[in-house]
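Read in numbering that gives the first Met the number 0, the sequence shown has 315 at position 316, and its numbers run on one by one without any break. From the three backbone atoms N, C-alpha and C, an ideal C-beta is built for every residue, glycine too.
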Amino acid sequence: MRSNFGRKAVLVAALMASTSMAQAEDVEVLHWWTSGGEAAALNVLKEDLATKGIGWVDMPVAGGGGEAAMTTLRARVTAGDAPTAVQMLGFDITDWAVQGKLANLNDVAAAEGWDAVVPAALQAFSKHDGNWVAAPVNVHSTNWVWANKSILDELGIAQPTSWDEFVAAMQKVKDTGKTALAHGGQPWQEATMFDGVVLSVGGVEFYKKAFIDLDPAALGSDQMVEAFNRMATLRSFVDDNFSGRDWNLASAMVINNEAAFQIMGDWAKGEFLKAGKVPGTDFLCFRVPGSQGMVSFNSDQFAMFAQAEEGAQAAQGEMAKAIMSPTFQSAFNVVKGSVPSRTDVPNDAFDDCGKQGMAELSEASANGTLVGSIAHGHANVAAVKNAIYDVVTAQFNGEYDAATAAANLVSAVETAK
Ligand code: BGC
0 MRSNFGRKAV LVAALMASTS MAQAEDVEVL HWWTSGGEAA ALNVLKEDLA
50 TKGIGWVDMP VAGGGGEAAM TTLRARVTAG DAPTAVQMLG FDITDWAVQG
100 KLANLNDVAA AEGWDAVVPA ALQAFSKHDG NWVAAPVNVH STNWVWANKS
150 ILDELGIAQP TSWDEFVAAM QKVKDTGKTA LAHGGQPWQE ATMFDGVVLS
200 VGGVEFYKKA FIDLDPAALG SDQMVEAFNR MATLRSFVDD NFSGRDWNLA
250 SAMVINNEAA FQIMGDWAKG EFLKAGKVPG TDFLCFRVPG SQGMVSFNSD
300 QFAMFAQAEE GAQAAQGEMA KAIMSPTFQS AFNVVKGSVP SRTDVPNDAF
350 DDCGKQGMAE LSEASANGTL VGSIAHGHAN VAAVKNAIYD VVTAQFNGEY
400 DAATAAANLV SAVETAK
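Right, here's the structure in full:
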């Protein structure tokens, strides 16, 4: 039996450890990485920080695209209790920076040479007024299709290279009674499919005119009607129970041979990997047919909220430094399904889909075919993004036809911007 003195010593040591951690080394992290693949990637981050003595206080808020997480964040900031670090996308970062709520990471950025290795498309969101306010942990892209290889092989379906081939492939699957397209009926998921569909219809020029410039003529054009027609085609290939389904459950349908395809960002790959599936053997990854050579990207960044205490500030700097290290970028993104947010990370550890993603990101960046994701906050501020969600979802659910959707898009965007 341990003596009284021994017990007291253990207690005091434990108290000291927890106090010192709470004062100096904890980071409270708000995020929406709650699926199996996402949690696996999050663990890579937690464990990396633990080796540096940084404690983790978890604040998960489920919901792809991060809408629910952003609602929770607003409540926390309003209550004067902002978390230390927050997973955030694109224009949301700018929004908080404009409100003066974010910390300044210039010292760590300068010491670590971020300016030279983070692509300009990401810096546009990581920096505000020339100051670093967020650390990008990855680059995802949304115009991907995930396919069950054994279903395709069984039916003699080759990887589709054009929109028409894709539709024919889905029809062939549907004819056998299987679900052709696994989909979760949530606005952000419909919008994610829309990213790739818009690119497949009109390329980056049309995408930019409509969704970056918000040109009413492009928003209401025949090409936009065609994009909505393609969404209606996709709707005809989903199963009856799609409403409200989470994205990872749709991925599971492809993983478990219940469906042939899913159109989803490359976080879906994290689910396949978590289930022990191998690209090229069990599943295929390819760009939404018609959008080859183009990349609609979104980057998860950790926006750091200004903290009064020095210990918290130090922990933020350490966290930012840790997530930007090349070895961490490789280890994390291999599991997450994304690609590194810095240009100097070797691709050796990545699988074929990851290698393809890395190569296509740098090609698209060089060729001017890299665009910010509409669905994931890299094309517009939240109000415009949400207005687009509303129209895309209403049309997908049959509330109105493609021509009406294009007309409604013009007015919805006009009101929101
Ligand atoms: C995030 C991904 C995440 C996905 C689904 C996206 O907005 O960028 O990191 O895996 O939502 O939750």
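Terminal residues of the continuous alpha helix (DSSP H) containing VAL390? 381 to 395
Using only the heavy atoms of the ligand BGC, determine whether one of them is closer than 7 Å to the beta carbon of GLU270. No, Cβ of GLU270 sits at least 7 Å from all heavy atoms of the ligand BGC.
Could you check if ASP57 is buried or exposed, using at least 16 other CB atoms within 10 Å of its CB as the buried criterion? The residue in question, ASP57, is exposed, as its Cβ has fewer than 16 Cβ neighbours within 10 Å.
Are ASN256 and ASN147 close, meaning C-beta to C-beta below 8 Å? Closer than 8 Å, so yes.
Could you tell me if the beta carbon of ASN42 falls within a distance shorter than 7 Å of some heavy atom in the ligand BGC? no
Keeping to the same chain, check which residues put their C-beta closer than 6 Å to that of MET87; ignore five residues upstream and five downstream. GLN300, ALA302
Report the residue from ALA119, VAL412, TRP145 whose alpha carbon sits nearest the alpha carbon of PRO135. Scanning ALA119, VAL412, TRP145 for the CA closest to the CA of PRO135 turns up ALA119.
Start and end residues, beta strand (DSSP E) containing LEU29: 25 to 30
Quick one: is the Cβ of GLU189 within less than 7 Å of any heavy atom of the ligand ZN? Of the ligands one can find in the structure shown, namely the ligand BGC, none is the ligand ZN.
Beta carbon of ASN297: closer than 7 Å to some heavy atom of the ligand BGC? At least one heavy atom of the ligand BGC is nearer than 7 Å to the Cβ of ASN297, so yes.
Return yes when at least one heavy atom of the ligand BGC lies under 7 Å from the C-beta of LEU213, else no. With a threshold of 7 Å, the Cβ atom of LEU213 does not count as near the ligand BGC, since no heavy atom of the ligand is closer than that.
Bridge partners for TRP131 per DSSP, in chain order? LYS126
From CYS352 to VAL97, what does the alpha carbon distance come to, in whole angstroms? 37 Å
DSSP state of LYS416 mapped onto helix, strand, coil: In the three-state reduction of the DSSP assignment, LYS416 falls in the coil class, being assigned neither a helical nor a strand state.
So the alpha helix (DSSP H) SER324 belongs to, where does it begin and stop? Taken as a continuous stretch (DSSP letters only), SER324 belongs to no alpha helix (DSSP H), as it is neither H nor E.
Just to confirm, does GLU37 get its C-beta within under 7 Å of one of the non-hydrogen atoms of the ligand BGC? yes
Rounded to whole angstroms, what is the Cα-Cα separation between ALA12 and ILE387? Confidence is the limiting factor: at ALA12 the pLDDT is only 45, short of 50, which leaves the residue's position unreliable and the question unanswerable from this model.
Would the beta-carbon of LYS268 fall within 8 Å of that of ALA40? no
Proximal residues to GLU24 (C-beta, below 6 Å), its chain only, five neighbours per side dropped: GLY52, ILE53, GLY54, ALA314
Look at the alpha carbon of LEU180 and the alpha carbon of ALA115, and state the distance between them as a whole number of angstroms. 41 Å
Going along the chain, which residues of its own chain have a beta-carbon closer than 8 Å to the beta-carbon of TRP32, five neighbours each way excluded? ALA38, ALA40, LEU41, PRO59, GLN86
What residues match up with THR178 in a beta bridge as DSSP calls it? ALA258
Spatial neighbours of ARG244 within its chain, please: C-beta separation below 7 Å, excluding the five flanking residues on both sides. GLY183, GLY184
Those runs of the beta strand (DSSP E) which lie wholly inside the region 326 to 372 and span at least 3 residues: 369 to 371
For the beta strand (DSSP E) containing ALA302, name the first residue and the last one. 299 to 303
Tell me, please, which residues DSSP counts as bridged to SER140. Per DSSP, PHE296.
Could you name the residues that DSSP lists as bridge partners for ASP214? ASP214 pairs with nothing; no bridge assigned.
By the DSSP assignment, the beta strand (DSSP E) with GLY54 in it spans what residues? Looking at the DSSP string, the run of the beta strand (DSSP E) that includes GLY54 is 54 to 59.
Would you say the beta carbon of ALA353 is closer than 7 Å to some non-hydrogen atom of the ligand BGC? The sequence shown places Gly at residue 353, rather than the Ala named in the question. Flag unset: Cβ of GLY353 not near the ligand BGC.
For a test of the three-state rule: what should DSSP assign to PHE271, helix, strand or coil? helix
Return the CA-CA distance between GLN22 and GLY310, expressed in angstroms with no decimal places. With a pLDDT of 43 at GLN22, under the threshold of 50, the modelled position of this residue cannot be trusted; read the value that follows with caution. Their backbone Cα atoms lie some 6 Å apart in a straight line.
Complete beta strand (DSSP E) runs within the region 31 to 99 (minimum length 3 residues, chain order): 54 to 59, 84 to 88
LEU151: first and last residue of the uninterrupted alpha helix (DSSP H) it sits in: Start and end: 148 to 153.
Could you give the DSSP three-state label for ASP281: helix, strand or coil? Three-state result, ASP281: coil.
Buried versus exposed call for ASP239 [16 or more other C-beta atoms within 10 Å across all chains shown]: exposed
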